[in-house]
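Presented below is the structure to which this report refers.
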Amino acid sequence: MNFPMPTLRVTAHGLALEDVPLTTIAATYGTPCYVYSRTAIEEAFERYRTALPPERAEICYAVKANGNLSILRLLAARGAGFDIVSRGELERVLAAGGEAKRVVFSGVAKGAAEIRRALEVGIGVFNVESAAELTRIAHIAREMGRRAPVALRINPDVDPKTHPYISTGLKRNKFGIPVAEALALYRQAKSMPELELVGIACHIGSQLLDPSPLLEAAERVKDAVEQLERNGIALRHIDLGGGLGIRYRDETPPDIPAVLRALAERFADRPERLMFEPGRSLVGNAGLLLTRVEYLKHGEEQDFALVDAGMNDLMRPALYDAWHEIVPVVPRSGPVRRYDVVGPVCESSDFLGRGRELALEAGDLLAVLSAGAYGMAMSSNYNARPRPAEVLVEGATHRLIRAREPLEALWALEQ
Ligand SMILES: Cc1ncc(COP(=O)(O)O)c(C=O)c1O
Ligand SMILES: N[C@@H](CCCC[NH3+])C(=O)O
Numbered sequence: 001m002n003f004p005m006p007t008l009r010v011t012a013h014g015l016a017l018e019d020v021p022l023t024t025i026a027a028t029y030g031t032p033c034y035v036y037s038r039t040a041i042e043e044a045f046e047r048y049r050t051a052l053p054p055e056r057a058e059i060c061y062a063v064k065a066n067g068n069l070s071i072l073r074l075l076a077a078r079g080a081g082f083d084i085v086s087r088g089e090l091e092r093v094l095a096a097g098g099e100a101k102r103v104v105f106s107g108v109a110k111g112a113a114e115i116r117r118a119l120e121v122g123i124g125v126f127n128v129e130s131a132a133e134l135t136r137i138a139h140i141a142r143e144m145g146r147r148a149p150v151a152l153r154i155n156p157d158v159d160p161k162t163h164p165y166i167s168t169g170l171k172r173n174k175f176g177i178p179v180a181e182a183l184a185l186y187r188q189a190k191s192m193p194e195l196e197l198v199g200i201a202c203h204i205g206s207q208l209l210d211p212s213p214l215l216e217a218a219e220r221v222k223d224a225v226e227q228l229e230r231n232g233i234a235l236r237h238i239d240l241g242g243g244l245g246i247r248y249r250d251e252t253p254p255d256i257p258a259v260l261r262a263l264a265e266r267f268a269d270r271p272e273r274l275m276f277e278p279g280r281s282l283v284g285n286a287g288l289l290l291t292r293v294e295y296l297k298h299g300e301e302q303d304f305a306l307v308d309a310g311m312n313d314l315m316r317p318a319l320y321d322a323w324h325e326i327v328p329v330v331p332r333s334g335p336v337r338r339y340d341v342v343g344p345v346c347e348s349s350d351f352l353g354r355g356r357e358l359a360l361e362a363g364d365l366l367a368v369l370s371a372g373a374y375g376m377a378m379s380s381n382y383n384a385r386p387r388p389a390e391v392l393v394e395g396a397t398h399r400l401i402r403a404r405e406p407l408e409a410l411w412a413l414e415q
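The opening position of the sequence shown corresponds to residue 1 in UniProt numbering, with each subsequent residue numbered one higher.
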């Protein structure tokens, strides 16, 4: 099988991530467990970092995809900046040793306390999503006697051709500011001493497979930058967001350096530095969810493999009907059946995969692939299930980067 994960290997002892057998991970840390490959993350980051010269482009990892401190730390060490959407993500970046001035604060509804904290630590830029938010940021900056670095996120009204739940660049989406309104806001903001106009931003959606909507959005951004220039507003950077897709099943993902270069080409005559905010394409195919079959259940109409990971651990299948490959860790011969691979959660939408042809017995380990992005990050404690452990492998070494949640943590804040 040609796996979508570059560092997943078939060995005589079953599947291994880098050189660590997944059976070793299960025996050491238990299941369910997220397992990430350091090499895969670093190689993906290098594809971004080396696509364009550093003076031309900056790569800010979208923390929402996977905010584990060890992952943030290894990306910071490679020179990544960060894209955040909450105070929690900001504090994660700072705890991991990231620099505040290399942080982009995105998100549609930044709270006053979040804005205050970001100004206090010296955030790189606020990507502002509305006139009201700009007013709030200006007000808080004035109160604090600071200047807030801002970029306006425009909504280019371009169809990103992705799942409707993760499309953000259309007029009907809540994100960004229509171009005409943004131009007027820039003019207004120019006369406000508490605001420093440093950039412009755009992000049209996630899991984009066709790069042409990105290029189209870039054209709209460029038009806006040129109009601003004619109005005497010069910016330092142009943030083109994230969104490049990955292979989960049989998709052909866009070639990262080729897309970055094609985008940079559009701005060849512009002096502003470019910025990118990739999430999924850095960590998605670096991680998998390891789970164990608890029971097999042969229903009248459907065979079920009941596993110990559920929708609370990986909600993408339930939320988007997303496909993740599911592969036995140690393949066995025996009858193949079409299983719905389902979790222990009390919801019929609690599935990890449907109609999968597998030869299984209770106790077998399964690897749910391509789960490094928006896996652990979107997990919950539904059904009072503690969140899984997270493990990072590198070569033949492995280490725990987040302990399995202890049960007491589930009610620690309750009376
Ligand atoms: C503003 C912003 N930047 C970056 C990202 C990261 O997107 P992706 O994980 O698709 O690269 C997102 C999520 O879609 C986002 O909303
Ligand atoms: N959480 C989504 C992507 C949303 C991107 C965030 N703006 C996913 O798993 O695919």
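Cβ coordinates follow ideal geometry from the N, Cα and C atoms, glycine included.
Can the beta-carbon of residue i be found closer than 7 Å to that of residue j?
i	j	result
I326	V341	yes
R280	A65	yes
Y382	N312	yes
A138	L195	yes
A96	N127	no
G243	L208	yes
G205	I166	yes
V345	G310	yes
V125	V93	no
C60	L290	no
In whole angstroms, what is the alpha-carbon distance linking residue i and residue j?
i	j	result
E301	A371	29 Å
P271	E394	39 Å
D308	L352	11 Å
A189	I154	15 Å
G287	P193	46 Å
R218	T39	What sits at residue 218 in the sequence shown is Ala, not Arg. Roughly 31 Å separates the two Cα atoms.
L215	A262	8 Å
L240	E43	21 Å
Y374	L72	15 Å
L274	Y48	12 Å
V329	V35	13 Å
E46	P54	12 Å
R356	K101	47 Å
L69	E91	10 Å
L228	D350	49 Å
L314	I123	32 Å
V221	I200	8 Å
S379	L360	26 Å
L8	L15	7 Å
K161	P213	8 Å
P254	G245	7 Å
L319	P164	12 Å
With a 10 Å radius around its C-beta and 16 neighbouring C-beta atoms as the bar for buried, classify residue i as buried or exposed.
i	result
R249	exposed
P149	buried
Y295	exposed
A367	buried
K174	exposed
R187	exposed
K171	exposed
V10	exposed
D321	exposed
T31	buried
S37	buried
D364	buried
A109	exposed
Quickly, what does DSSP pair residue i with across the bridge? List them, please.
i	result
F351	V342
G287	Y36
L358	R337
D239	A201, M275
V221	Answer is none; V221 lacks a bridge partner.
V20	L17
T11	G14
N127	A151
A57	L274
P328	L366
F105	I84, F126
Entirely enclosed beta strand (DSSP E) segments - the segment 60 to 103, minimum 3 residues | 81 to 84
What alpha helix (DSSP H) runs, 4 residues minimum, are completely inside the segment 136 to 212?
-> 179 to 190
Can you check the segment 290 to 326 for any beta strand (DSSP E) of at least 3 residues that lies completely inside it and give the ranges in chain order?
-> 303 to 307
In chain order, which beta strand (DSSP E) runs of at least 3 residues are fully inside the segment 370 to 396?
-> 389 to 394
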